[in-house]
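> Add 28 to the 1-based position in the sequence shown for this note's numbering, that's all there is to it. For every residue, glycine included, the Cβ atom is placed at its ideal position computed from N, Cα and C.
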Amino acid sequence: MQFLSDTSYDRNDSIAAYLRTDSGSLISNGPGYFQLPRADETGYCNDHNYVTFENDVVDKGSCARELSSESQLFVSQCEHQFSVARYITALRISKSV
29 MQFLSDTSYD RNDSIAAYLR TDSGSLISNG PGYFQLPRAD ETGYCNDHNY VTFENDVVDK
89 GSCARELSSE SQLFVSQCEH QFSVARYITA LRISKSV
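#1: Using the Cα positions of L32 and N83, report the straight-line distance between them to the nearest angstrom.
#2: Where does R114 sit, in a helix, a strand or coil, going by DSSP?
#3: Give the C-beta separation of D41 and F81 to the nearest angstrom, bearing in mind that I take them to be a contact with Cβ-Cβ under 8 Å.
#4: Are the CB atoms of I116 and F62 within a distance shorter than 7 Å?
#5: Could you tell me which residues DSSP puts in a beta bridge with T70?
#6: Which of helix, strand or coil does DSSP assign to Q109?
#7: In angstroms, rounded to a whole number, what distance separates the CA positions of S111 and S36?
#8: Suppose contacts are defined by Cβ-Cβ distances below 7 Å. Is N77 in contact with L95 by that definition?
#9: Leaving out the 5 sequence neighbours to the left and right, which residues in its chain are closer than 7 Å to K88 when beta-carbon positions are compared?
#10: Tell me the rounded alpha-carbon separation between L101 and R93.
Structure below.
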């Protein structure tokens, strides 16, 4: 992940995103950038939609995710992939760490 050397956001800058752990440390949220799920060409959710500073996010409506019929995977999907917590809970947005 590359960070800009200045300390303020400029239009089109990627927005760094981290999760604060229970111990207080910061870890990458996955890609390291603020993301919002969005429908791809198939209608399924694509999490590779990264928000940039001062740019509108065009709402393309809802998107779909498939749930597994296998119970352990189903539980894991509900706790992680389907949870909005990964986008909002303990999320820290910053210019850099």
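On the basis of the data shown:
#1: With a pLDDT of only 49 at L32, under the threshold of 50, the placement of this residue in the model should not be trusted; the figure read from the coordinates follows. Between L32 and N83, the C-alpha separation is close to 18 Å.
#2: helix
#3: 5 Å
#4: no
#5: None; T70 has no bridge partner.
#6: coil
#7: 31 Å
#8: no
#9: R66, A67
#10: 13 Å
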